[in-house]
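What follows is a single structure, written as structure tokens, with notes after it.
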């Protein structure tokens, strides 16, 4: 299927209808296996634009509006990385507009990486110009997936919540892309805090546009006991990482087996990876 989509760049085609489907469905998606550790990745892919210098924000800015022949090759390189992970949070994807060659980038990356379940959240619909989206890719069948529009003065930020396991004690993954405004972040994280309040096993992952210390001491997340990556986990800018803006925050019930900033500069952000294991005895609850 993804090879068919790839050929569309040979002649930019206008889609017959609106944006492509938002979900691959759960057919042929393996059941969740709580006895295994879970390999997580979060990646702001900047709609497939390869940025390696501040000047590229100017010289390659047109790629945010118009298609570019190298974009599909960039997506293929990103897909080759994603094959090593079980659950992936994607930010700054395009859901199928002119600039992406009318390709749903979440769907494309899932199929190119061989990941059976994908979910696209359309946050800002600019019609044929842009389809600003978040994405979830998963090798396991979620219990359920819900999407949430995050509060803010300027609409267009969202979160995806995927639950795995059972209703009474699920593993809850929250995938998000927060605003740049600190005021908006306060409202957005307050909203997220309410969503996760009743759960014991939680993972927050995504581009949060703030350092972990600020998130966990100066926002509503201070009311949680979430565990961050080390302060040295800098992910932005990808060519000279100086800021830790991308995060995977986990409940203390989850064992962190490994965490790292992945040296894979295909965007202006570097991806963040983490291996986690559910607490001992969790399997017996199934």
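In the UniProt record's numbering, the protein residues as written are 1 to 286. Ideal Cβ positions, reconstructed from N, Cα and C, are used throughout, including at glycine. Fair warning: this is a prediction, and the values are worked out from it, not measured in the lab.
Through-space distance from residue 105 to residue 96, alpha-carbon basis: Near 7 angstroms, if we compare the C-alpha coordinates of residue 105 and residue 96.
Are the stretch 159 to 173 and the stretch 264 to 273 in contact at 8 angstroms, needing three or more beta carbon pairs? Contact fails: fewer than three Cβ-Cβ distances are below 8 angstroms.
Along the chain, where does the beta strand (DSSP E) containing residue 68 start, and where does it finish? Bounds of any beta strand (DSSP E) do not take in residue 68, whose DSSP letter is neither H nor E.
So, with DSSP's three-state summary, where would you put residue 249? DSSP places residue 249 in strand when its eight states are reduced to three.
Does the Cβ-Cβ distance between residue 199 and residue 174 come in under 7 angstroms? Their beta carbons are not under 7 angstroms apart, which means residue 199 does not touch residue 174 by this criterion.
Grab me the residues of residue 245's own chain with a C-beta within less than 8 angstroms of its C-beta, minus the 5 sequence neighbours each way, in chain order. Closer than 8 angstroms at Cβ, skipping near neighbours: 207, 208, 209, 210, 211, 235, 236, 269.
Could you give the uninterrupted runs of the beta strand (DSSP E) lying entirely in the stretch 169 to 197, keeping only those of 3 residues or more? Qualifying beta strand (DSSP E) stretches, in chain order: 171 to 177.
What are the residues that DSSP puts in a beta bridge with residue 125? According to DSSP, residue 125 shares a beta bridge with 131.
Classification of residue 155 by the beta-carbon crowding that lies within 10 angstroms, buried from 16 upward: Under this definition residue 155 is an exposed residue.
Who are residue 41's beta bridge partners in DSSP? Paired residues: 88, 273.
Taking the alpha-carbon positions, what's the residue 277 to residue 142 distance? Within the model, the alpha-carbon separation for residue 277 versus residue 142 is close to 17 angstroms.
Kindly indicate which three-state DSSP category residue 76 falls into: helix, strand or coil? Three-state DSSP puts residue 76 in a helix.
Any idea what DSSP makes of residue 158, helix, strand or coil? Strand.
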